[in-house]
Amino acid sequence: MNTPTPQEAAASEWQRDGNELVWHRAYGPWLVTARCPVAAPFTGPSALSIHLTVGGGAEEITRAMGEALETDGIPALLLRQIPMAEIKAGARAALAEQDDRTVNVPLPVPARCRTEEDYALLVAELARMRATGVVAPQAELARRLNISKTTMSDRIKRAKELGLWDGQRITEKASAVLTRWQNEKKDN
0 MNTPTPQEAA ASEWQRDGNE LVWHRAYGPW LVTARCPVAA PFTGPSALSI
50 HLTVGGGAEE ITRAMGEALE TDGIPALLLR QIPMAEIKAG ARAALAEQDD
100 RTVNVPLPVP ARCRTEEDYA LLVAELARMR ATGVVAPQAE LARRLNISKT
150 TMSDRIKRAK ELGLWDGQRI TEKASAVLTR WQNEKKDN
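Position 150, counted from 1, in the sequence shown is what numbering that gives the first Met the number 0 calls 149; the numbers after and before it change by one each time, with no gaps.
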């Protein structure tokens, strides 16, 4: 039986969630979560969050709430315990295992946006372009699609109305639409 390398063990803690890899670890009543977009131009996480997770039976809830009250919120000790080097190494290894990490491959944005899927592809491409360092992604994508900047702005506004874009990044709804699109593409 082969023993996994530290990198392989760290990578196994990451799970795919739409267009992101997600890592979770509980520290008492606190859940630490790291998120790493698959299409990001870097291999470390882009978000780290800490949440109070109190659940289970009455005794477990009482114990966890007691721990949280004792520290008056997130304890400084917890922040020092978060293994950032391990998280980064695991993200790097997990991303290397992904066969669809296509940072430099543009998404197939249709020339006309009619469906939620079309708008989701549009904003995902804008996010991808931003992540890869394109200075003016809206103007560049408008040029690529052979549409005016005004039309591009109107499409982005519509994507916001549909709940697919928050002005900076794609939303969870857009991630779900894109995941469905990817799954349909794989099935065909």
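Ideal Cβ placement from N, Cα and C applies to all residues, glycine included. This structure is a prediction, so every number in the text was calculated from the model and none was measured.
Output yes or no for whether 8 Å exceeds the beta carbon distance between residue i and residue j.
i	j	result
Leu47	Ala63	no
Val53	Leu94	no
Pro105	Glu124	yes
Ala158	Leu121	yes
Pro107	Glu66	no
Val31	Ile49	yes
Gln137	Met151	yes
Arg79	Cys112	no
Leu140	Asn18	no
Gly162	Thr149	no
Residue i: which of the options sits nearest, CA to CA?
i	options	result
Arg91	Gly162, Thr150, Pro107 and Gln14	Gln14
Trp164	Leu30, Tyr118, Lys87 and His23	Tyr118
Ile77	Tyr26, Leu161, Thr42 and Ser147	Inspection of the sequence shows that residue 77 is occupied by Leu rather than by Ile. Minimum Cα distance to Leu77 is reached at Tyr26.
Ser45	Glu139, Ala158 and Ala130	Ala130
Lys156	Glu85, Arg143 and Glu115	Glu115
His23	Gly89, Ile73 and Glu183	Gly89
Val21	Ala173, Pro82, Ile86 and Asn145	Ile86
Leu51	Ala57, Thr42 and Asp71	Asp71
Glu96	Lys184, Gln181 and Glu12	Glu12
Output the boundary residues of the beta strand (DSSP E) element that contains residue i.
i	result
Ser45	Element bounds for Ser45: n/a, residue is neither H nor E.
Looking at the strands, I want to know which residues DSSP matches up with residue i.
i	result
Cys35	Leu20
Leu30	Ala25 and His50
Gln14	Val21
Grab the span of the alpha helix (DSSP H) containing residue i for me, first residue to last.
i	result
Leu68	Ala57 to Thr70
Leu94	Met83 to Glu96
Trp180	Glu171 to Asp186
Arg79	Ala75 to Gln80
Which runs of the beta strand (DSSP E) spanning at least 3 residues fall entirely within the segment 110-160, listed in chain order? none
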